[in-house]
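If you read the sequences in order, they're chains D and L. Sequential numbering from 598 applies to the first sequence in this note's numbering. Sequential numbering from 598 applies to the second sequence in this note's numbering. Ideal placement from N, C-alpha and C gives every residue a C-beta, glycine not left out.
Protein chains: 2
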Amino acid sequence: MTWSSLEPVPATALGDVITERLRRMIIAGDVPAGAHLAEPRLAESFDVSRGPVRDALRRLESEGLVVVRRRKMFAAGLTTDDVVELYAIREAVETLALRLAHDRAADADWGEALDALATMRRAADAARYADYAHADLAFHTSFYALSGSRRLLDIWRQYEPTFAVLLEITNAEDVDLGPSLASHVAILETARAGRVDEAVVELQGHLLGARTRMVHALSRLDTGRAATPPDGEIPA
Amino acid sequence: MTWSSLEPVPATALGDVITERLRRMIIAGDVPAGAHLAEPRLAESFDVSRGPVRDALRRLESEGLVVVRRRKMFAAGLTTDDVVELYAIREAVETLALRLAHDRAADADWGEALDALATMRRAADAARYADYAHADLAFHTSFYALSGSRRLLDIWRQYEPTFAVLLEITNAEDVDLGPSLASHVAILETARAGRVDEAVVELQGHLLGARTRMVHALSRLDTGRAATPPDGEIPA
DNA sequence: TTACAGTCACCTGTTAACAGTTGACGCAAC
DNA sequence: GTTGCGTCAACTGTTAACAGGTGACTGTAA
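So, in structure tokens, the structure goes:
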């Protein structure tokens with residue numbers, strides 16, 4: 598018997614499943630922005646009761662993918678403006694995380710970041726985009742983990758699934774992963790060398806590049822998606 | 598008939614009430630950090646069913662006041678380290694908010710901030726600490742609102758109640774509100790004059806001062822509160 | 001044709017109950 | 001005395017049902 602995951606018990610709460618599926622549907626635009634997300638309808642559509650749906654909506658609300666207006670839940674969707682906003686916030690918090698991680702670097706170790714980087718290198722060589730994206734996020738997560746700030750990690754985890762789905766969707770594009778990899782190497786090595794201000798600048802440049810690619814990919818993906826269609830119902 | 602609040606319908610969801618009461622109890626230390634927050638026990642204690650309690654726990658989890666470990670909820674409490682952490686995060690996001698607000702200042706107006714400032718001045722003159730704290734938070738909220746970033750406002754609203762309770766608790770102290778008021782005036786006037794870099798520096802200095810006072814007040818308040826007592830049950 | 005009123009369907013907030021699981025306590029065997 | 005096992009209580013995840021309220025639709029009257 599081989600148990601790959603030791604931490605989480607068999608645990609796959611139904612609410613988590615609904616959260617993930619609904620999140621993907623909203624980001625991908627399967628649920629049009631502005632659509633009213635009524636609990637009974639969603640519950641029937643996912644073939645569960647209202648409880649897990651309620652949990653999912655609460656969670657997605659804290660992720661910013663669902664907004665509540667007059668006690669009703671509506672899909673928020675992701676416009677290119679939202680992506681710009683997300684990257685601006687990420688720059689602010691990840692910069693802080695990197696600085697804090699650096700401050701604690703004495704007793705902390707960059708092992709996780711190095712592991713992620715190795716995985717990224719292998720994925721890049723094999724052009725395995727999904728694996729690369731996964732390792733990419735793990736790399737950045739390691740900064741938050743190393744920062745020692747639980748709340749900073751919480752904020753990141755709040756938006757990390759959105760970035761994950763975005764990366765996954767936009768990675769249909771045929772991009773050369775080389776520059777991205779080099780950028781990550783530069784950030785980590787500069788930080789490990791103790792030149793944290795320089796590393797922050799590298800990070801900002803990296804995020805700017807990622808944002809630009811993301812915005813282009815997204816606007817190419819759904820040219821017709823408006824900022825806020827008046828209303829709508831979920832397709833099926 | 599006089600209706601003071603026009604926006605929110607009679608709306609006072611039971612879950613919101615539980616959230617507020619539980620939040621206050623955790624921050625004040627009435628619920629010891631590390632205590633297991635079992636739904637049935639809390640539900641009976643608040644004389645409601647598990648539903649609203651569940652909502653409250655989910656909300657407080659996103660605020661960082663409750664942590665989930667092996668599917669169970671535990672009170673996180675607030676140590677002085679947490680306060681330092683909170684102010685670090687706040688500096689990062691509020692700085693961004695101030696910059697974004699400044700960028701949009703052409704079509705935006707600082708009316709809300711000015712109103713809050715006027716209220717603060719009156720409260721300071723009358724030494725009404727609670728009113729001052731309230732207006733203080735409204736002042737800062739206006740920056741996030743003016744930033745035009747919904748998610749930035751969301752992050753602030755996530756932690757704003759914690760700051761509110763902290764201010765309320767620590768304001769038992771007899772402090773001169775003059776310097777705080779002057780600090781707020783300086784931030785706003787500098788920003789309105791378009792010298793945003795200078796305003797950011799003012800803001801950072803202001804937050805540092807606030808943090809210092811908060812840490813002192815808190816450590817004076819509960820000298821005996823440890824970082825993580827092993828476990829415990831809620832008192833009553 | 002338009003304005004108003006009544007009806008009706010839907011949705012949210014809330015509650016109680018059921019099922020599976022986990023952790024603890026106690027008892028018995030070695 | 002210690003170790004292993006069985007029982008049991010408590011908790012989380014989940015579901016179905018009830019109550020109040022809101023908005024839309026329709027029919028009627030001016």
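- Contact between the region 668-683 of chain D and the region 810-818 of chain D is established, with three or more Cβ pairs separated by less than 8 Å.
- Listed along chain L, the residues sitting closer than 7 Å to Leu749 of chain D by beta-carbon distance are Ile686.
- For the pair Gly631 of chain L and Thr787 of chain L, the Cα-to-Cα distance works out to about 44 Å.
- Contact between the region 735-742 of chain L and the region 711-724 of chain L is present, with at least three C-beta pairs closer than 8 Å.
- Residue pairing by DSSP places Arg666 of chain L opposite L:Lys669 in a beta bridge.
- Taking Arg656 of chain L as the centre and dropping the five residues before and after it, the same chain places the C-beta of Thr616 closer than 6 Å to its C-beta, in chain order.
- Every alpha helix (DSSP H) of 4 residues or more that sits fully in the region 628-654 of chain L is shown, in chain order, as 636-643.
- For the region 670-686 of chain D, residues whose beta-carbon sits nearer than 9 Å to a beta-carbon of chain L comprise Ala673, Asp679, Glu682, Leu683, Ala685, Ile686.
- The contact set of Gly806 of chain L on chain D, defined by CB atoms closer than 7 Å, is empty, because the minimum CB distance reaches about 19 Å.
- In this structure, L:Val797 is the residue among L:Pro758, L:Val797, L:Arg810 with its C-alpha nearest to the C-alpha of Glu688 of chain L.
- Counting only runs that start and end inside the region 716-772 of chain D, the alpha helix (DSSP H) elements of at least 4 residues fall at 726-744, 747-767.
- The beta carbons of Ala730 of chain D and Asn768 of chain D sit about 6 Å from each other, so the pair counts as a contact at 8 Å.
- Distance between Leu693 of chain L and Val782 of chain L, taken at the CA atoms: about 19 Å.
- By the Cβ neighbour-count rule, Gly806 of chain D is exposed, with fewer than 16 other Cβ atoms within 10 Å of its own.
- Considering only L:Val645, L:Leu619, L:Gly791, L:Arg647, the residue with the shortest C-alpha distance to Ala702 of chain L is L:Gly791.
- By the Cβ neighbour-count rule, Gly708 of chain L is exposed, with fewer than 16 other Cβ atoms within 10 Å of its own.
- Val690 of chain D reaches chain L at Ile686, Ala689, Val690, counting residues in chain order whose Cβ is nearer than 8 Å.
- About 17 Å separates the Cβ atoms of Leu763 of chain D and Val690 of chain D, ruling out a contact at the 8 Å cut-off.
- Ile615 of chain D does not reach chain L, its nearest Cβ partner there being about 14 Å away, counting only Cβ pairs nearer than 9 Å.
- Here Ser646 of chain D has Ala640 as same chain residues with Cβ atoms under 7 Å from its own Cβ, once five neighbours each way along the sequence are excluded.
- Taking a Cβ-Cβ cut-off of 8 Å, the neighbours of Ile752 of chain D in chain L comprise Ile686, Ile752, given in sequence order.
- Proximity of chain L to Asp728 of chain D at the Cβ level (cut-off 7 Å) is not reached, the minimal Cβ distance being about 28 Å.
- The three-state reading of DSSP puts Leu675 of chain D in coil, since its state is none of H, G, I, E or B.
- Annotation: Arg666 of chain L has no Cβ neighbours in chain D at a cutoff of 7 Å; minimum Cβ distance is about 10 Å.
- Assignment of Arg789 of chain D by DSSP, reduced to helix, strand and coil, places it in the helix class.
- With respect to the 8 Å criterion, Ala732 of chain D and Ala710 of chain D are not classified as neighbours on the basis of their beta carbons.
- Ser646 of chain L does not reach chain D, its nearest Cβ partner there being about 12 Å away, counting only Cβ pairs nearer than 9 Å.
- Taking Glu757 of chain L as reference, the option from L:Leu774, L:Pro649, L:Tyr741, L:Met622 with the minimal CA-CA separation is L:Tyr741.
- The alpha-carbon separation between Asp706 of chain D and Val650 of chain L amounts to approximately 40 Å.
- Contact residues of the region 698-713 of chain D toward chain L are absent (C-beta to C-beta distance below 7 Å).
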